[in-house]
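Residue numbers (this note's numbering): 64 to 140.
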C-alpha cells in the first residue's frame, strides 16, 4: 500500500511530460522489461498485435481497439 501511495504521489500530478499515445508506444519500445517472457519481441509489436486481435474479434467496438492498444503503456511507468 505504501508503494502505491508513493507512486500516486510521484505520478499523480502528470508533470512528467506530454506526448501522444503513439509517442508513448515508441518510448516503451526502447524499454526492456526483464520480467516479460517475450524479450525478443518489441513492446510496440505486442501492443499492435493485441489491438489487431481485438479489432478482429470486436470490429464494432472502436473504444475497445484503442483500449487494447494502450493497455500496456502504464505497465512500466
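Positions of the beta carbon are idealized from the N, C-alpha and C atoms, including for glycine. Keep in mind the model is a prediction, meaning the values are calculated, not measured.
Beta-carbon proximity check, residue i vs residue j, cutoff 8 Å
i           : j           : result
residue 117 : residue 127 : yes
residue 130 : residue 91  : no
residue 107 : residue 88  : yes
6 Å CB neighbourhood of residue i in its chain, flanking five on each side removed
i           : result
residue 132 : 110, 114
DSSP state of residue i mapped onto helix, strand, coil
i           : result
residue 103 : coil
residue 68  : helix
residue 90  : helix
residue 118 : helix
residue 134 : coil
residue 78  : coil
Cβ neighbours of residue i in the same chain (closer than 8 Å, five flanking residues each side left out)
i           : result
residue 122 : none
residue 82  : 90
7 Å Cβ shell around residue i - same chain, five flanking residues per side excluded
i           : result
residue 112 : none
residue 68  : none
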